[in-house]
Amino acid sequence: MTRFIERHPAWALITIIAVAVLLWLIFAVWPPGLEQAIGRKRIFLNAVLNGITLGGLYFLVASGFTLIFGLMRNVNLAHGSLYLFGGYVGYAISAATGSWILSFIVAFVAVALVGVLLQIIVFRRMEGQDLRQTMVTIGLSIVFADLMLWAFGGNFYQIETPSWLIGPIALPLVSAVRPSGEMVYLQYPLVRLVIFAASVVIGVAMWLALNRTRVGMIIRAGVDDRDILAATGVQIQLVFVLVFALGAGLAGIAGVVGGTFQSISPGEDTRFLLASLVVVIVGGMGSIPGAALGALIIGLAEQLGSVYIPTYAIVVTFLIMVVVLALRPQGLVARR
Amino acid sequence: MLRGSVGLVALGSILLSGTAFAQEKIKVGVTATLEGTYTVLGEDGMRGHQTALNVLGKKVGDKELEFIVASTDATPDSAVRAVRKLIEQDKVQILLSPLSGDEGIAVKNFAKTRPELTFINAASGAQETTYVDPSPNFYRYNMDGAQWQVGLGKYAYEDKKYRKIATVGEDYSFIYTQVFGLALEFCGLGGQITSRQWVPLGTKDFASVIAALPDDVDAIYLGLGGADAVNFLNQYQQAGGKAHLMGGSIMVDQTILSAKGNAKNALIGTIAASGQADTWEDAGWQKFVKAYQDAFPPNKRFPSPSLLATNYYNSTMALILALRQVNGDLSNNQAKYREALAKIELDAPNGKIKLDSNRQAIGTNFVTEVVDDGKGALFSKVVKVIPNVNQTLGYDPAVFAKIGLPGRTIPECKKY
């Protein structure tokens, strides 16, 4: 952090000012002139919170993607299919048992198993051949998409939110002040907050596991130099399988999350593959904090865009990607 | 030797079957939105189509009808692609297409390039399709989105005493047409529409749209359909929304009222208008509902046919009945058939239907209110039945033409 400020004083200043403005926009009571210029504060706060919570979902998908890439240098373009499969499994379990929590566990395990099979049957056979792996995963994603269309049809599925999560809660953020002086607090859907909290917990747990445990150390060593790690006697293939299982399982969980606060249907696989590609390109391929930052930026850009410039909302995301690729092609939080 | 004779026998049987069943076929291409946001609508449309075939059979004189189905996703290019495929690859002579508003405009324009074929609209309801520069070989036996809203504005203003409303709708021609119909009537009586929000078809995340809904209105009008409507209601429930709702014709429809989950309960008490009402007592309607219910097992259909099923049923009826009148004669660029189509009056389950000079339906409209049947199933209950609704909604054609075409901001909220 201090090194960043020393090296780029101008950028650091701009960042600090931007953060300060953002904090003021969130916490201060807006003067009437501002409300007239850009609309009510409630809309802005909602868009920001929606962006952050959507970023949580993107992070869940993209973190598995970036983890697999980081260790195995394998661009798994079937990652979106894993997301969609997780959503369908979660729906089936939730519809059959009525348990939302159970659907997460089963989706994680089921999709992780698919990941294990993919790694053992497909990727191990073509280790180190990037292009071939990429082509094979594109092929697989098309096959998976058609298989799922065949099994589940073209309909939309929504995983039912458990009753204790339905409805809004009041947040300690003032959205407006009534003429009587009474503060109006922001109402926000509880389920989105819970899902966001869960993705933060998963993110922190992943970071801790990577940086504080022995397995994490092995994985990081593998990211830096696979061959030397293998030479030291570590069973590198086992590590690969484990990481692939974890990454796939996370995509499965994300599928359940996406099915709960949005819905799952054919086409969602490519949507989320694209989203996670953009997220990791912006954040930096192979970096977990990068995926978090990228997911946050893309989520916010999508939601603020859809409120303030609805016609061009879709372009904003790609504009960000282009700017990042032009100015910092390795990504914002790239590993050196 | 043995192989040779087997081959000969096989060849012979093929030739024999050829002569024995030499029966002329009339090929009909059908499109429905079997993918994307409107999948459930397309599926139920096809159920309505099948119900009509069950009732009428596939024979026309000594000819057999053959139906070939192609899937679309509610975008205009997907509809044109499907129609082209049906014409160029499958060599169909008649088209039953399409389902959705923008598709309808595109298919109508395409129909002009194939004047030798006949196009029967399946269910699409954008006003422009038959109102602006209509194609002489394109027939529409359902009303458009504005006709389907007749009566709603008056009921909201006079009976429900709503004065200010806001609208949320999908950003395409059919919903523009629906809001057009609503606004003409509601604003004409003195009501106000304070905001009109438009969301892209296939929107997943409505949270920001819901946040931007105004508080100071009496009701919110929802012009959404299929998965968008379900997503919206789900997130509306999560956000704790409690406003009075008004619904468009595909919002308050079995495609939504039968959706899984309990988010749809927000619709109980919602007022709406459409070309049909689920609980109408009319004998013809009840007979159609029974035919629909008998045609499919309960888990493969809705409790009662959706508007799409009814539209596909009616258009299939018109297609076959007119074809029977001319005994399957499609000679001379289908001239006789077209004459029969233009003249036919349908005794449809949702009221009598006849065509105007633009080949656009004049029919019956229904104002409804959503009720719970006590067992958790939701239905639209009849409030008012309005017969003989034409495309200019009872306005003088010259006055109507001045209003402009339905759009994001048209019509203005005033009395015309």
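Residue numbers (my numbering), protein chains in the order written: chain A, 1 to 336; chain B, 337 to 752.
Don't be surprised by glycine CBs; every beta carbon is placed ideally from N, CA and C.
C-alpha gap between residue i and residue j, whole angstroms
i               : j               : result
R40 of chain A  : G605 of chain B : 30 Å
S667 of chain B : Y673 of chain B : 9 Å
Q612 of chain B : V719 of chain B : 11 Å
A176 of chain A : L186 of chain A : 8 Å
I314 of chain A : I362 of chain B : 45 Å
G378 of chain B : L370 of chain B : 5 Å
Q119 of chain A : V282 of chain A : 26 Å
D225 of chain A : P434 of chain B : 58 Å
M206 of chain A : F108 of chain A : 15 Å
L60 of chain A  : A291 of chain A : 9 Å
A658 of chain B : D589 of chain B : 29 Å
L173 of chain A : N570 of chain B : 24 Å
S610 of chain B : K717 of chain B : 11 Å
M653 of chain B : G583 of chain B : 28 Å
K578 of chain B : V21 of chain A  : 33 Å
E268 of chain A : L644 of chain B : 25 Å
W24 of chain A  : Q303 of chain A : 19 Å
Minimum Cβ-Cβ distance from residue i to chain B less than 7 Å
i               : result
F244 of chain A : no
N211 of chain A : no
P189 of chain A : yes
V194 of chain A : no
Q303 of chain A : yes
V106 of chain A : no
Residue i in three-state terms, based on DSSP
i               : result
D554 of chain B : coil
H580 of chain B : strand
L351 of chain B : Here L351 of chain B scores only 47 on pLDDT, less than 50, and its place in the model should not be relied on; the value that follows carries that caveat. Helix, per DSSP.
V535 of chain B : strand
N601 of chain B : helix
I382 of chain B : The displayed chain sequence assigns Met, not Ile, to residue 382 of chain B. In this structure, M382 of chain B counts as helix in the three-state DSSP scheme.
S99 of chain A  : coil
E402 of chain B : strand
A107 of chain A : helix
Y157 of chain A : strand
F4 of chain A   : helix
R178 of chain A : coil
P470 of chain B : coil
CB contact check: residue i to chain A, cutoff 7 Å
i               : result
A356 of chain B : Low confidence applies to A356 of chain B: its pLDDT is 44, below 50, so where it sits in the model is not reliable, and the reading given next is rough at best. Not one chain A Cβ lies under 7 Å of A356 of chain B.
S544 of chain B : yes
A458 of chain B : no
G559 of chain B : no
N445 of chain B : no
N570 of chain B : yes
A563 of chain B : yes
A418 of chain B : no
N663 of chain B : no
Q574 of chain B : yes
A547 of chain B : yes
L432 of chain B : no
K540 of chain B : yes
L537 of chain B : no
L370 of chain B : yes
N601 of chain B : no
G584 of chain B : no
G620 of chain B : no
G597 of chain B : yes
is_contact[residue i, chain E] using C-beta, thresh 7 Å
i               : result
N567 of chain B : Structure shown: chain E not included; protein chains present are A and B.
Taking contact to mean at least 3 C-beta pairs separated by less than 8 Å, is the segment 254-267 of chain A in contact with the segment 41-51 of chain A? Flag = no, the segment 254-267 of chain A and the segment 41-51 of chain A do not touch.
Pull out every residue of the segment 372-383 of chain B whose Cβ sits closer than 9 Å to any Cβ of chain A, in chain order. Listed by position, the residues of the segment 372-383 of chain B near chain A (Cβ gap below 9 Å) are G372, T373, T375, V376, G378 and E379.
Chain-ordered residues of the segment 150-168 of chain A with a beta carbon less than 7 Å from chain B: Listed by position along the chain: G154, N155, F156, Q158, E160, T161, I166, G167 and P168.
Taking a cut of 9 Å between CB atoms, which residues from the segment 321-335 of chain A lie near chain B? Considering only beta carbons, no part of the segment 321-335 of chain A lies closer than 9 Å to chain B.
Any residues in the segment 225-240 of chain A with a beta carbon nearer than 7 Å to a beta carbon of chain B? Which ones, in chain order? Per Cβ criterion, the list is empty.
Using a Cβ cut-off of 7 Å, which residues of the segment 38-51 of chain A contact any Cβ in chain B, in chain order? So the close ones are R42, I43, N46, A47 and N50.
What are the residues in the segment 248-268 of chain A lying within 8 Å of chain B by C-beta distance? Hits within the stretch, in order: F261, Q262, S263, S265, P266 and G267.
Which residues of the segment 50-84 of chain A have a Cβ closer than 7 Å to any Cβ of chain B? Give them in chain order. The segment 50-84 of chain A vs chain B, Cβ under 7 Å: N50 and L54.
Between the segment 290-318 of chain A and chain B, which residues of the former have a C-beta closer than 9 Å to a C-beta of the latter? If the cut-off is 9 Å between Cβ atoms, the segment 290-318 of chain A has E302, Q303, L304, S306, V307, P310, A313 and I314 near chain B.
Is it true that the segment 523-534 of chain B meets the segment 461-479 of chain B, where meeting means three or more beta-carbon pairs spaced less than 8 Å apart? Touching, no.
Within the chosen definition, does the segment 687-707 of chain B reach the segment 486-505 of chain B through at least 3 CB pairs nearer than 8 Å? Yes: the two stretches touch, three or more of their Cβ pairs being nearer than 8 Å.
Is the segment 137-148 of chain A touching the segment 83-90 of chain A in the sense that three or more CB pairs, one from each, lie closer than 8 Å? A contact exists between the segment 83-90 of chain A and the segment 137-148 of chain A.
Mind checking the segment 475-509 of chain B against chain A and listing, in chain order, the residues whose C-beta falls within less than 8 Å of any C-beta there? For the segment 475-509 of chain B, the set of residues with a beta-carbon nearer than 8 Å to any beta-carbon of chain A is empty.
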